[in-house]
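Order-wise, the sequence lines are chains A and W. The opening residue of the first sequence carries number 1163 in the working numbering; numbering runs sequentially from there. The opening residue of the second sequence carries number 1163 in the working numbering; numbering runs sequentially from there. Take a look at the structure below.
There are 2 protein chains.
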Amino acid sequence: MFAFAHSHISGQGQYPHANDAHVPLPFGATSPQQTSFHAPGSEIYAQGEAAGNIYQVEFGAVRVYRLLSDGRRQISAFYMSGEVFGFEGDTVHHFFAEAITGTSIRSFRQSQLNDVSQFLLPITLRGLTRAQEHLLVLGRQTAAERVAAFLLDIARRQGGLEQVDLPMSRMDIGDYLGLTIETVSRVFSKMKEKGIIALPTLRTAEILKWKTLEAMSD
Amino acid sequence: MFAFAHSHISGQGQYPHANDAHVPLPFGATSPQQTSFHAPGSEIYAQGEAAGNIYQVEFGAVRVYRLLSDGRRQISAFYMSGEVFGFEGDTVHHFFAEAITGTSIRSFRQSQLNDVSQFLLPITLRGLTRAQEHLLVLGRQTAAERVAAFLLDIARRQGGLEQVDLPMSRMDIGDYLGLTIETVSRVFSKMKEKGIIALPTLRTAEILKWKTLEAMSD
DNA sequence: CGGGGGCTTGACGCACCTCAAGACAAGTGG
DNA sequence: CCACTTGTCTTGAGGTGCGTCAAGCCCCCG
């Protein structure tokens, strides 16, 4: 559905135009907004910063995470084309948000309530549902089940095709799933070996046996 | 602050009257509502059931959870006096909700929008914040850190006193923290041995060293 | 006093982590 | 165009934190 450039292509002009993302935007054009481009790894907001904007990914991908004092990281969510993030219901951010690949983002001032506020409940609900889904994964599933659930989630959000774009690194995946990069890599290898998936490039997965993956993630 | 009967006291007449819970209720008395009593372990709603009510705990405690097909359980949240639950933004429930101890619950019809809907965003936001907090715990913390975070969370929600009421079983705690009952029990024992907490009864904890617990949970 | 569910404790096993080496891919400069 | 660099990923070997299995204890209750 979205034929975005792979994340490791970072030269300028390699990114699709904003118009290429045929995503129904939730906010009317009447709301004050602006589009900005973020280089791979660059910060969108940081924990402790003043909040007040909400953001929509035009193309690219974003990770939102928290840190423990010793550096352990938990990515609470990834956001891809069309998805909205940044609303935490407080005047201050409790998370960090970074562009994973080169990413274009629309910002909306939350204070211009009329256009935006009616979308806050559905947006927040989607976040809650995903977070609760993810609690089950982190609390009760094995490494293989976590990776299976992850692949299916990403694939569905990209339109349900077999070809899955993985803009994030193994480290990101590990920090999302509560695993180390080695474990993620080993699970990928095992799935490849069993013919469940293929890995044409490091940042692309191909789902060969949907049913098996679905049965694994239960 | 809330001097509720301990959960293992389950004889009738042992429960405080509804009026004993001096909790500011979020909804005006004009909204249609009714109060019902639930025996320990009884279902409030089940996954797949039609949704449409939201609930407020008057006294007692509630667990909300999901199951995997093989029976593994993840409790996504506990709700105690004054707290609101049951809104999932769908016409059908995706979770199970059960009374842990004898519990009194007020129901509000969500369809009578005028009184209730204005509270949905703050309620949903509180749930989202807690879920995200919990993601960090489940994804990246050790058994001892999880238990420390749990005790502090419960203690703070009960008014910040040292005496903490634990209406839920070790099994419930384990299924909330992504641990087995044995591990929960071992961590409790170790904390007791180190003088961080005391366990006057099975369902009561006393926090002796707040600072230590806080340092543990980071 | 006897029964039973929940809890604790111990011994052992395993899934995942840690540590380490090497492979691979992409960019860089000569 | 090819050595060299750098970062990411894969694979292996060994360690460990928590799970599993099992026995016994405690508290409550009949």
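Glycine included, every Cβ here is placed at the ideal spot set by N, Cα and C.
Below the 8 Å Cβ cutoff, chain W contributes LEU1297, LEU1300, GLY1301 and GLY1340 as neighbours of LEU1300(A), in chain order. Per DSSP, the unbroken alpha helix (DSSP H) holding ILE1343(W) starts and ends at 1343 to 1355. The DSSP-derived three-state label of PRO1362(W) is strand. One Cα belongs to ALA1213(A), the other to PHE1258(A), and the distance between them is close to 11 Å. About 5 Å separates the beta carbon of ASP1380(A) from that of LEU1230(W), a gap short enough to meet the 8 Å contact definition. Looking from the CA of GLU1205(A), the closest CA among GLU1260(A), SER1238(A) and VAL1219(A) belongs to GLU1260(A). As summarised for the region 1214 to 1287 of chain A, the continuous beta strand (DSSP E) elements at least 3 residues long and confined to that stretch are 1215 to 1221, 1224 to 1229, 1235 to 1241, 1258 to 1261 and 1265 to 1271, given in chain order. Under a 10 Å Cβ-count criterion, ARG1225(W) is classified as buried, with 16 or more other Cβ atoms of the shown protein chains found around its own Cβ. Among the CB atoms of chain A, none fall inside 8 Å of the CB of GLN1272(W). Residues of the region 1228 to 1241 of chain A whose Cβ lies closer than 8 Å to any Cβ of chain W, in chain order: ARG1228, LEU1230, SER1231, ASP1232, ARG1234, ARG1235, GLN1236 and SER1238. Under DSSP, SER1198(W) takes part in a beta bridge, and its partners are ILE1267(W). Counting other Cβ atoms within 10 Å of its Cβ, ASP1334(W) reaches 16 or more and is therefore classed as buried. Going by beta carbons, LEU1361(A) and LEU1283(W) fall outside the 8 Å limit. ALA1208(A) counts as exposed, since fewer than 16 other beta carbons sit within 10 angstroms of its beta carbon. Between the beta-carbon of ALA1201(W) and that of MET1330(W) there is about 16 Å, and that puts the pair past the 8 Å contact cut.
Taken atom to atom, the span from the alpha-carbon of ASP1327(A) to that of ILE1316(A) is near 8 Å.
The C-beta distance from ALA1305(A) to LEU1375(A) rounds to 14 Å, too long to meet the 8 Å contact threshold. For ASP1380(W), the neighbours in chain A by C-beta distance under 7 Å run, in chain order, LEU1230 and SER1231.
Beta-bridge partners assigned by DSSP to GLN1303(W): none are found.
Taking 8 Å as the threshold, the shortest C-beta distance from LEU1283(A) to chain W falls below it. Annotation: LEU1290(A) to GLY1289(W) spans about 7 Å, alpha carbon to alpha carbon.
Here TYR1338(W) has ILE1237 as same chain residues with Cβ atoms under 6 Å from its own Cβ, once five neighbours each way along the sequence are excluded.
GLY1210(A) sits close to VAL1254(A), with the two beta carbons spaced by under 8 Å. Minimum Cα-Cα distance from TYR1217(A) among the listed residues ASP1252(A), SER1266(A), ARG1332(A) and ARG1235(A) corresponds to SER1266(A).
Pairing ARG1292(W) with HIS1296(A), the inter-Cα distance amounts to about 13 Å. Setting aside the 5 residues that flank it on each side, THR1342(W) is surrounded in the same chain by GLY1336, each with a C-beta closer than 7 Å to its C-beta; the list follows chain order.
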